[in-house]
Amino acid sequence: MRWCVSVGAVLVAGAIVGGDVASIAAPSPKSGIADARDSALSVNVELVIAVDVSYSMDMDELAIQREGYAQAIVSKDFLQALTARPASKVALTYFEWSMSGDERIIIPWRVIDGPESADAVAAEIMKMPIRRGSSTSISGAINFAVRLFEENPYRGSRRVIDISGDGPNNDGDPVTGARDAAVEKGIIINGLPIMVKEPSFATTDIENLDLYYEDCVIGGPGAFIMTIKDREKFQEAIRTKLVLEVAGLTPKGRIVPTAGNEPRVSCLVGEDKWRERGRR
């Protein structure tokens, strides 16, 4: 099942609420990955944060998004969620993406196990210069995240990709193929569709980005989206989403159709709009 929720409608359980770029290219495969994971450090969850920096994101959105993740990681809610699970550790990596092949790791794999390690990660996120990319390849981001899991030296009971974005896939492979391949590996993909601006004819933005994320992007047991339609709710949404992911919860909300059903929005809408733009 997959779920969706809007910020302001989320109720989190009481136990939960109460530099340089490290890498540009995708990591290369290594031998002995399975053996390494057998002896890996145990954590509650392996979390990949995949952050959209495509050109449709304005500089204000990019700054708010970056600050939102940094503040979420050091928040009391996040640290309380961390201790609510037996392992009390989260293995986390954070990268920014735009077109296929433009994925840059900001935070390599790190373990967060308390305030000190959370502060260090948040400070490192904030010190990196803000950048903008070009087109939008959600499929490229998902594929890159999967490769990060394969080289991850930690082992968690869950593997989660937390992916944000303000538009549909318009570059690289179709998004549904990347999603399905990740889900087949036992990976959960949650989404943060950003809908704070009116769609423009000059871009490939769409009106129903939340439905697109529900039907074309997210997947896996308990996968959910959290829609942002108000800039003022940006940081609150990111914090709540990370708390739910670390705690292994899904928000209260309505059930949405599974990936096997007919999408309510074409999963190739971004590619179609990109081609139409090229013909003008």
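When we follow UniProt numbering, the leftmost residue of the sequence shown carries the number 1, and every step to the right adds one.
C-beta: ideal position from N, C-alpha, C; glycine also.
Because the structure is a prediction, the values reported are computed rather than measured.
Strand pairing of G219, partner residues [DSSP]:
In the sequence shown, residue 219 corresponds to position 219, counting from 1. Its beta-bridge partners are I189.
Determine whether the beta carbon atoms of V183 and Y154 lie at a separation below 8 Å.
Translated into the one-based positions of the sequence shown, residue 183 becomes position 183. Translated into the one-based positions of the sequence shown, residue 154 becomes position 154. No, they are not a contact pair.
Run through the region 34-92 for me and flag every whole beta strand (DSSP E) of 3 or more residues, listed as ranges in chain order.
With a minimum length of 3 residues, the continuous beta strand (DSSP E) runs that stay inside the region 34-92 are 41-52.
Over the uninterrupted alpha helix (DSSP H) stretch that includes P108, give me the two end residues.
Position 108 of the sequence shown, counted from the first residue, corresponds to residue 108. From DSSP, P108 is part of no alpha helix (DSSP H) but of the beta strand (DSSP E) over 103-112.
Could you tell me whether the region 170-189 touches the region 139-146, where touching means 3 or more Cβ pairs closer than 8 Å?
Contact between the region 170-189 and the region 139-146 is present, with at least three C-beta pairs closer than 8 Å.
Rounded to whole angstroms, how far is the Cβ of V160 from the Cβ of I188, which I believe are closer than 8 Å?
For the purposes of this step, residue 160 is taken as residue 160 along the sequence shown, with counting starting at 1. For the purposes of this step, residue 188 is taken as residue 188 along the sequence shown, with counting starting at 1. The Cβ separation is near 5 Å, so the contact holds.
According to the neighbour-count rule (16 or more other Cβ atoms, all chains shown, within 10 Å of its Cβ), is N261 buried or exposed?
Taking the first residue of the sequence shown as 1, we reach residue 261 at position 261. Counting C-beta atoms within 10 angstroms of its own C-beta, N261 has fewer than 16 neighbours from the protein chains shown and is therefore classed as exposed.
Count the other C-beta atoms from every protein chain shown that fall within 10 angstroms of the C-beta of G220, then say buried if there are 16 or more, exposed otherwise.
As a working note, residue 220 is residue 220 in the sequence shown. Its Cβ being crowded by 16 or more others within 10 Å, G220 is buried.
With distances taken between CB atoms, is the gap from R239 to A72 smaller than 8 Å?
Numbered from its first residue, the sequence shown carries residue 239 at position 239. Numbered from its first residue, the sequence shown carries residue 72 at position 72. Taking 8 Å as the Cβ cut-off, R239 and A72 qualify as a contacting pair.
To the nearest whole angstrom, what separates the beta carbons of V243 and F95, a pair I think is in contact under 8 Å?
By one-based count along the sequence shown, residue 243 stands at place 243. By one-based count along the sequence shown, residue 95 stands at place 95. Rounded, the Cβ-Cβ distance is 21 Å, inconsistent with contact.
According to DSSP, simplified to helix, strand and coil, what is T179?
Here residue 179 refers to the residue found at position 179 of the sequence shown. Per the sequence shown, the amino acid found at residue 179 is Arg instead of Thr. DSSP, reduced to helix, strand and coil, places R179 within a helical segment of the structure shown.
Pick out whichever of S157, S56, Y69, M59 has its Cα sitting closest to the Cα of F234.
Taking the sequence shown and counting its residues from 1, one reaches residue 234 at position 234. The option with the nearest alpha carbon to F234 is Y69.
Given a cut-off of 8 Å on the beta-carbon distance, is the pair S164 and S134 in contact?
As a working note, residue 164 is residue 164 in the sequence shown. As a working note, residue 134 is residue 134 in the sequence shown. Contact check for S164 against S134 fails: the beta carbons are separated by 8 Å or more.
Own chain partners of F149 with C-beta closer than 8 Å, once the 5 adjacent residues on each side are dropped:
The residue you call residue 149 lines up with position 149 of the sequence shown. Leaving aside the five residues that flank F149 on each side, the residues in its chain whose CB is nearer than 8 Å to its CB run, in chain order, E46, V48, R159, K185, I187.
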